[in-house]
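One structure below.
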Amino acid sequence: MKNIKLLNKISKYGTEKFDTSKYNVSEAVENPDAIMVRSASMHDMEFGKELLAVARCGAGVNNIPCDKCAEQGIVVFNTPGANANGVKELAIASLLMASRDIVGGIEWAKSLEGTEDIAKAVEKGKSAFVGPELKGKTLGIIGLGAIGGMVANAALALGMNVLGCDPYMTVDAAWRLDVNVKKAETFEDVYAASDYISIHVPATPQTKGMINADTLALMKDGVRIINLSRADLVNVADMKAALESGKVARYVTDFPNNETVGVKGIVTTPHLGASTPESEDNCAVMAAEELIDFIENGNIRHSVNYPDTVLPKTGTKRIVVLHENIPNVLTNLSGVFGSDGINIEGMINRSKNTKACTLIDTNSDITEKMISDIAAVEGVIRVRVI
56 MKNIKLLNKI SKYGTEKFDT SKYNVSEAVE NPDAIMVRSA SMHDMEFGKE LLAVARCGAG
116 VNNIPCDKCA EQGIVVFNTP GANANGVKEL AIASLLMASR DIVGGIEWAK SLEGTEDIAK
176 AVEKGKSAFV GPELKGKTLG IIGLGAIGGM VANAALALGM NVLGCDPYMT VDAAWRLDVN
236 VKKAETFEDV YAASDYISIH VPATPQTKGM INADTLALMK DGVRIINLSR ADLVNVADMK
296 AALESGKVAR YVTDFPNNET VGVKGIVTTP HLGASTPESE DNCAVMAAEE LIDFIENGNI
356 RHSVNYPDTV LPKTGTKRIV VLHENIPNVL TNLSGVFGSD GINIEGMINR SKNTKACTLI
416 DTNSDITEKM ISDIAAVEGV IRVRVI
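If you're matching positions, the sequence shown starts at 56 in the numbering used here and goes up one per residue.
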């Protein structure tokens with residue numbers, strides 16, 4: 056029986072994926088083999104030797120110590136794309152809020168309560184809230200992953216011209232993208248050509264503060280910017296200065312804080328991007344499926360700290376080896392198999408940055424001595440037999 060610990064309330068559509076004859080799933084389990092988490096911080100947690108994996112029901116993993124987990128042979132999964140439609144829909148709403156002062160108009164309309172002739176007052180005052188239509192305008196997309204690609208396609212359907220840039224776009228993402236989305240070579244090209252800009256990149260040391268005084272200077276006067284990805288992507292002080300000067304017409308962000316709330320020209324929504332029942336269900340299902348496949352088959356899909364590694368089973372036993380991405384590991388692993396007279400039926404090796412995974416299938420029995428020999432190979436972090 057494998058123990059799956061829940062650190063947050065996880066949708067039943069995800070937890071019900073676990074076969075109750077194989078898994079014990081609860082917030083109360085001790086010594087978990089895997090953890091499912093949403094927003095709970097794990098940075099101060101100590102991990103037991105039983106812990107194989109952590110699955111984040113969402114895309115961001117800043118609440119998980121991914122490097123620490125990697126060093127202990129704990130695979131961290133996330134669920135990219137599972138909440139994409141929810142974020143896409145908020146992005147479309149944000150485009151509209153960036154164009155017209157809908158929020159300001161609603162608040163003003165509320166203030167008319169008790170006015171003798173509201174209809175007349177509306178006709179007189181509505182001009183304060185006008186804004187341009189989206190049709191025919193150019194939307195620049197920074198990042199064309201699961202969410203950015205969906206936003207791009209939806210914007211085309213609204214009659215916008217769409218220009219996107221993603222240096223790391225996958226083949227799968229390219230297949231999902233409408234052929235009418237134009238490709239920009241650099242982010243700078245997007246900045247210069249766009250009437251609207253929507254940011255869909257993860258928060259990394261390289262992307263932190265990517266929207267700043269220098270990049271804002273490259274944009275059109277009156278540009279409208281949407282950030283539903285991470286607060287850290289935008290330098291708020293520079294954004295405020297750009298709003299005051301008229302360089303930016305409006306900034307819509309899903310991350311209210313003391314610097315953005317109540318500022319003229321900034322529309323804040325309370326982190327609503329993935330806050331839909333459908334998104335929470337989809338993320339939980341995807342996270343559960345990732346954990347089950349890893350626990351039962353050793354396959355890694357959508358990991359942030361180990362490479363995606365998938366191998367159809369070709370033997371009765373599978374050995375999962377998590378190791379450092381250094382020379383001679385494969386040679387030494389093969390040597391262990393050869394010296395113990397074990398025939399390899401199938402094998403795959405993948406690497407990601409400093410870490411790697413090797414899956415090895417065999418029809419031979421695996422002895423404790425052989426496991427010890429594999430664990431003793433330089434660079435090996437964890438060995439597991441399925």
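Using N, Cα and C, we set each Cβ at its ideal position, and we do this for glycine too.
All figures in this text were calculated on a predicted structure; none of them were measured in a lab.
Look at the alpha carbon of residue i and the alpha carbon of residue j, and state the distance between them as a whole number of angstroms.
| i | j | result |
| --- | --- | --- |
| residue 65 | residue 396 | 46 Å |
| residue 418 | residue 242 | 51 Å |
| residue 91 | residue 342 | 7 Å |
| residue 131 | residue 346 | 10 Å |
| residue 438 | residue 197 | 40 Å |
| residue 109 | residue 89 | 6 Å |
| residue 282 | residue 320 | 14 Å |
| residue 313 | residue 177 | 32 Å |
| residue 254 | residue 231 | 18 Å |
Go through its chain and collect everything with a Cβ distance to residue i's Cβ below 6 Å, but skip five positions before and after it.
| i | result |
| --- | --- |
| residue 354 | 348, 365 |
| residue 82 | 61 |
| residue 258 | 285, 287 |
| residue 334 | 138, 141 |
| residue 377 | 128, 412, 436, 437 |
| residue 387 | 432 |
Could you check which residue in the options has the C-alpha nearest to that of residue i?
| i | options | result |
| --- | --- | --- |
| residue 180 | 269, 156, 203, 189 | 156 |
| residue 134 | 127, 378, 119, 112 | 112 |
| residue 369 | 332, 415, 99 | 415 |
| residue 226 | 214, 151, 398, 200 | 200 |
| residue 273 | 280, 433, 296, 244 | 244 |
| residue 162 | 350, 297, 322 | 322 |
| residue 228 | 429, 214, 204 | 204 |
| residue 405 | 428, 413, 299 | 413 |
| residue 277 | 186, 86, 390 | 186 |
| residue 215 | 221, 144, 222, 206 | 206 |
| residue 431 | 315, 317, 391, 338 | 391 |
Using DSSP with H/G/I as helix, E/B as strand and the rest coil, what is residue i?
| i | result |
| --- | --- |
| residue 137 | coil |
| residue 379 | strand |
| residue 194 | strand |
| residue 337 | helix |
| residue 405 | strand |
| residue 91 | strand |
| residue 412 | strand |
| residue 132 | strand |
| residue 442 | With the chain covering 56 to 441 only, the question about residue 442 has no answer from this structure. |
| residue 70 | helix |
| residue 387 | helix |
Could you give the uninterrupted runs of the alpha helix (DSSP H) lying entirely in the segment 273-317, keeping only those of 4 residues or more?
-> 291-300
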